[in-house]
């Protein structure tokens, strides 16, 4: 009998105690498992693409499902200003926030970005670090906050801030572990997307001018003239070539001449608006893409560029006052050309007509 009692005691000990675990404990364990499984699904989804827009869409959906909070934000750190910017906002109209930025060390989010440590605040009224700037601007009432850093190796790239979470379990350490895993996945995905975007930008950027190169030119024209768009969108294309630029090169040398080309591009860019693109075509030639612009408006635009170049003096930082002019040709799709290659060819021919008629002038196809 004593041996039977001993065996039963051993079996109970192996089972974890003399009494069955409480139902609440089982539910909590199941919740943890579900959280971890969700973390893995989030990780697989987020690391399946390098597209920043797609990643942000997935973050919006997956994080909202995981934390089941009505109010949360994703901040990214601007490397140039070392300030946090609102990238995703759930529960508030992002437009209400305007251009608001959070400085490092400011409020809960700024403190997490500065220290790299998560912060749990069950009651913001009891935490001096809480900043009321967002509440004062929007009328929102913040009661509690969970904020986690987005870290890649030793660098903080942003933070995730959950506001007024409805589930108090989120303030427990085991939930913090799951949230931290998600934050790590977010950081990896966002970091990869940022690097991919930088590589993409470099692949279409001209080394000399800092503006677009011919790879971008063909990609953009293919996109604009794509028949799959279902409608014909007009495009004015401007071809321009510096007048007598070889003389400039022979006078000041190649390094300074390259600087002139960069400054020329900067002057041209001052005359362009959003959606219009400047491309260095090669040598001392540039192309301007004007989507949705007819030939009359294109001529007006090009005249403003011609005057801006004629009035500018280049290399003033080097104590010089280099003067240059350019010859321009304008072609229009679909009025002058049926496809990309024909559009480029006709704009190029129009530019050479300007060269033949005295330079520093504009020719319409």
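Numbering (this note's numbering), first residue to last: 17 to 381. Glycine is no exception: its CB is placed at the ideal position from the N, C-alpha and C atoms. It should be emphasised that the depicted structure is a prediction, and the values quoted were computed from it without experimental measurement.
Environment of residue i [buried if 16+ CB atoms lie within 10 Å]
i: residue 157; result: exposed
i: residue 144; result: exposed
i: residue 279; result: buried
i: residue 340; result: buried
i: residue 239; result: exposed
i: residue 299; result: exposed
i: residue 270; result: exposed
i: residue 362; result: buried
i: residue 216; result: exposed
i: residue 8; result: Nothing in the structure corresponds to residue 8, since the chain is present only between 17 and 381.
i: residue 218; result: exposed
i: residue 322; result: buried
i: residue 90; result: buried
i: residue 355; result: exposed
i: residue 405; result: This structure cannot settle anything about residue 405, because the visible part of the chain is limited to 17 through 381.
i: residue 273; result: buried
Rounded straight-line distance, which links the Cα of residue j to that of residue i
i: residue 243; j: residue 250; result: 13 Å
i: residue 119; j: residue 327; result: 41 Å
i: residue 359; j: residue 302; result: 15 Å
i: residue 107; j: residue 304; result: 42 Å
i: residue 131; j: residue 175; result: 11 Å
i: residue 290; j: residue 234; result: 19 Å
i: residue 220; j: residue 351; result: 28 Å
i: residue 257; j: residue 374; result: 13 Å
i: residue 330; j: residue 377; result: 20 Å
i: residue 14; j: residue 365; result: Here the chain covers residues 17 to 381 and nothing more, so residue 14 does not appear.
i: residue 228; j: residue 193; result: 44 Å
i: residue 263; j: residue 275; result: 15 Å
i: residue 277; j: residue 122; result: 43 Å
i: residue 222; j: residue 283; result: 16 Å
i: residue 167; j: residue 103; result: 16 Å
i: residue 315; j: residue 344; result: 10 Å
i: residue 160; j: residue 184; result: 10 Å
i: residue 37; j: residue 173; result: In this predicted model, residue 37 has a pLDDT of only 39, less than 50, meaning its place in the structure is not dependable enough to derive any value.
i: residue 265; j: residue 338; result: 11 Å
i: residue 287; j: residue 313; result: 13 Å
i: residue 136; j: residue 170; result: 22 Å
i: residue 285; j: residue 178; result: 41 Å
i: residue 148; j: residue 211; result: 34 Å
i: residue 209; j: residue 202; result: 10 Å
i: residue 357; j: residue 307; result: 16 Å
i: residue 152; j: residue 335; result: 52 Å
i: residue 320; j: residue 78; result: 49 Å
i: residue 99; j: residue 116; result: 10 Å
i: residue 87; j: residue 191; result: 17 Å
i: residue 198; j: residue 101; result: 20 Å
i: residue 207; j: residue 113; result: 25 Å
i: residue 309; j: residue 259; result: 26 Å
i: residue 72; j: residue 268; result: 49 Å
Where the alpha helix (DSSP H) containing residue i begins and where it ends
i: residue 267; result: 261-268
i: residue 339; result: Taken as a continuous stretch (DSSP letters only), residue 339 belongs to no alpha helix (DSSP H), as it is neither H nor E.
i: residue 8; result: No answer is possible for residue 8: it lies beyond the span of the chain, which begins at 17 and ends at 381.
i: residue 113; result: 110-113
i: residue 360; result: 356-372
Cβ-based neighbour list, residue i, same chain, cut-off 7 Å, excluding 5 preceding and 5 following
i: residue 196; result: 134 and 164
i: residue 236; result: 293 and 305
i: residue 395; result: Residue 395 falls outside the range modelled here, since the chain spans only 17 to 381, and no answer is possible.
i: residue 318; result: 254, 344, 346 and 378
i: residue 324; result: 283, 286 and 287
Host beta strand (DSSP E) of residue i (start-end)
i: residue 89; result: 88-94
Beta-bridge partners of residue i, as assigned by DSSP
i: residue 167; result: 172
i: residue 312; result: The partner list for residue 312 (beta bridge, DSSP) is empty, contrary to what the question assumes.
i: residue 132; result: None, per the DSSP bridge assignment.
i: residue 255; result: 303 and 345
i: residue 100; result: 93 and 118
i: residue 228; result: 221 and 295
i: residue 378; result: 344
i: residue 330; result: 338
i: residue 150; result: None, per the DSSP bridge assignment.
i: residue 137; result: 161
i: residue 177; result: 89 and 163
i: residue 280; result: DSSP lists no partner for residue 280.
i: residue 198; result: In the DSSP output, where bridge partners are listed per residue, residue 198 has none listed.
i: residue 185; result: Note: residue 185 sits in no beta bridge, so no partner.
Close Cβ partners of residue i (< 8 Å) along its chain, the five nearest in sequence each way excluded
i: residue 297; result: 230, 233, 255 and 303
i: residue 369; result: 345 and 379
Close beta carbons around residue i, own chain, < 6 Å, minus the five adjacent residues each side
i: residue 126; result: 118, 119 and 120
i: residue 381; result: 347, 352, 362 and 366
i: residue 371; result: 343
i: residue 128; result: 135, 163, 165 and 175
Contact test: residue i Cβ vs the ligand GTP heavy atom, cutoff 8 Å
i: residue 213; result: Ligands in the displayed structure: none, and consequently the ligand GTP is not present.
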